[in-house]
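Here the structure is laid out as structure tokens; the discussion comes afterwards.
In the working numbering, the protein residues as written are 580 to 1477.
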């Protein structure tokens, strides 16, 4: 046996709110004992709280916290024989008090025998459905010990059940931080909030400190302090008194369990500038929202900080200064997720901790351009498209839903579907998004609809100024007897089953409402492809036939058909980046007629364009239908030009590279990540089994000069030598077959299965250099021309190099002359010439090694002229070659610079 025997297991009795008595039995050789105690779960050591016992086997513990779980151990002291190991632990819990005044307050639900509630904890079953909070004994679902308080779901009712902590005495000048652990049962989604107030009643719970409306973790989460989603806000009472924290289960019906354990409240000195509370967002529109909050007593000013969902304040986001709540946000983007925070400033006390975020989503933009089209395919069903709302007027299980089924959609994959009730007559609506309609204008609704089979359905469609049953005041369509299992497309008119047009008497926001009114126990109604057209604004018709042409990197031309006789004040072309709102932003270009030139565009940028007519008496037309275009890539002006096809994710084409399927058979060039020469991509021609290849791809636009010689180089290969391929490369002034006039390369029997790099020259498989006849924009075209049913061609690593054209001798017609003076020259050099015809002249000055050091161009008349070589006097001394080109004449002059 050990030299110092263990004492017997301790027994705890006479437990009060602050003390307890510990008794035990000791061995005969004991000279004393140590009773060691601490919070449940502590590990005893020499630094633990210990009460020495010199004689006897009973000790009284004091100074304990009320309603707190403790572990106690006993150790024997045997003089020179040392000490025994610890006996224990034995767990006990101090009694609770009517009002907790000592902190931290801890509730682990283990101080009572489940299902009894711990002292001071109360439960409120607000909806009286017997599905409420209970203290449950199950170590598997407890965060510590054996018990956890558990919400037991209802299969039919939304949770509305509370449990409250003990009464907690709180003081002015102090703040209280709640912490707890919580979890769900599994995959189903739970919701819970925690509030605090001065009574254990729903009405008294006035301040929200925690909200989580979507959790399903089957492991415990320990809350953290803060104002973010899922965090617990610090509570600062404005008056001393008794308070209760209330845990409120709010899950939808037929979910599972919520578990809460290890609730703890700590008391801290209140910050000099407490953070704002009750942060909320209301009155959310497509472009604005109202932010409200409760500021601290010491608050002198506030900063409301908002930004895209997930941003980090205060470095990110937009700050709006304010002196009080509420604060209006404006200029927001429609259908966009935002976070908002608020921070208080308390004069010389500084600033508070930031409160937030509260998340909100702006409303869908009001429809201002027509036609309006809704196919229900822009979202993943059963989500509703932006702006579409549903009203279950009779509050039963039969209602409209967005359903994904290509079998029952008129187009795409989704359709709005009314799902019948077996016992109730249908009284169910869905509404379009908000549409801005003008007084006196005429609008035409069209849609497709069907039933499920033989049972008879009924539906009406109305329009009004609110997405409510009462707001729908004008009937446009009624069909009280349809059972067709294929879609019917409505027609305009006032007959049975037709849709009447609608002319509002006042301008404003309107909604079209689809109302299912079938008898009970019928089947399904499907609606798809809803469309609203602005038919006419008699005083000022909308411009039509809006088209774009002449698109370059910086310009474009807009053409349209307008109400010429009525547009006495002309037109406005409105353009801006893709997705802009033409009613509030964009660049406006006034015009008196079509076409209209747009300038100052940014290369490779997507734009939207609209046109509005301005008629007499300050009447404007509807905004035209949107036309979109993308400006061209910037023209290549510096060389070498290189294209490896790796700058994009295949099959996207690099900027400026275009493809022409000349024989329109669908087999053409694509950017492919299969068999590149370098990097990850190459251009790949895939063959047609029946058609000979007649397919092109073109480089980006290249700005070439007549004074330069250009050399193309590229790498190419075929898929297999068993299928010889044919390809040529040409160059021309546009990306059309007709414009590709000069052949640079031709190989009509390509069988190399490894990449071959072209070389300069005029032989088969070599690339001829190209000197443009005039300055301008050129495109190099790669033309696949293999016979039908061959295999793949690959092209990669295209490069175009430029070198100056050095004329070695003059070639001029009789009567043409050019002389340089003075020779040699020092501070200037002038060209005197006699030309035979008017036209452009190109002057190039090369140094002794052939580099272009100066050049200029001008249009000259057919007579004697003079032209200065710009900056010639600043060149280093040496020999130079001056080349003059004009009207097919080339004059080469050697000059010396002193």
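Where is the CB? At the ideal position from N, CA and C, for every residue including glycine.
When only Cα atoms are considered, residue 1331 and residue 1231 end up about 27 Å apart.
Taking every protein chain shown into account, the CB of residue 1286 has 16 or more other CB atoms within 10 angstroms, so this residue is buried. Contact between residue 1040 and residue 1092 is confirmed by a C-beta separation of about 7 Å, below the 8 Å threshold. Residue ranges of uninterrupted beta strand (DSSP E) with 3 or more members, entirely inside the region 1075-1105 and ordered along the chain, are 1087-1095.
Membership of residue 908 in the beta strand (DSSP E) is indicated by the continuous run 906-908.
Taking residue 654 as the centre and dropping the five residues before and after it, the same chain places the C-beta of 612, 613, 615, 662, 663, 665 closer than 7 Å to its C-beta, in chain order. Taking C-alpha positions only, residue 1282 is separated from residue 1225 by approximately 23 Å. Fully enclosed beta strand (DSSP E) runs of no fewer than 3 residues occupy 726-730, 740-743, 747-749, 753-762, 769-776 of the region 723-778, in order along the chain.
Within the region 613-681, the runs of beta strand (DSSP E) at least 3 residues long that lie entirely inside it are, in chain order, 628-632, 637-640, 648-656, 666-672. For the beta strand (DSSP E) assignment, the uninterrupted runs of no fewer than 3 residues enclosed by the region 856-910 are, from N- to C-terminal side, 856-861, 868-873, 880-887, 897-901, 906-908.
For residue 846, the enclosing beta strand (DSSP E) covers residues 837-848. At least 7 Å separates the beta-carbon of residue 860 from that of residue 955. 7 Å or more divides the Cβ of residue 695 from the Cβ of residue 726. Of the residues 1365, 1178, 1115, the one whose Cα lies closest to the Cα of residue 1307 is 1365. Counting the other Cβ atoms within 10 Å of the Cβ of residue 586 gives 16 or more, which makes it buried. The closest CA to that of residue 1028, considering only 1394, 1105, 924, 1044, is found on 1105. Between the C-alpha atoms of residue 1035 and residue 1001 there is a straight-line separation of about 14 Å. Put simply, the backbone Cα of residue 678 is about 22 Å away from that of residue 827.
One Cα belongs to residue 1073, the other to residue 1110, and the distance between them is close to 18 Å.
One alpha carbon belongs to residue 932, the other to residue 1166, and they sit about 42 Å apart. Rounded to whole angstroms, residue 801 and residue 813 show a C-alpha spacing of 16 Å.
Taking C-beta atoms as the reference points, residue 1150 and residue 1192 count as a pair closer than 7 Å. Residue 1261 sits in a strand when the DSSP states are folded into three classes.
Its Cα nearest to that of residue 600, the residue 669 stands out among 746, 876, 1055, 669. Shown here, residue 604 sits in coil according to DSSP, grouped into three states, outside any helix or strand.
Under the 8 Å Cβ criterion, the region 872-884 does not count as touching the region 956-964, having fewer than three qualifying pairs. Here the region 634-642 makes contact with the region 588-603; the two share three or more CB pairs at distances below 8 Å.
Nearest to residue 673 by C-alpha distance, out of 659, 691, 667, is 691. At a Cβ-Cβ threshold of 7 Å, residue 1300 and residue 1381 do not count as neighbours.
If you check the CB distance, residue 1102 and residue 987 do not come in under 7 Å. In the structure shown, residue 1176 falls within a strand segment according to DSSP collapsed to helix, strand and coil. Per DSSP, the beta bridge partners of residue 1464 are 1421, 1469. Cβ atoms of residue 823 and residue 711 stay farther apart than 8 Å, at about 17 Å. Residue state for residue 1215 is assigned as strand, using DSSP reduced to three classes. Between residue 997 and residue 846, the C-beta gap is not smaller than 7 Å, which leaves the two residues out of contact. For the pair residue 1090 and residue 1011, the CB atoms are nearer than the 7 Å cut-off.
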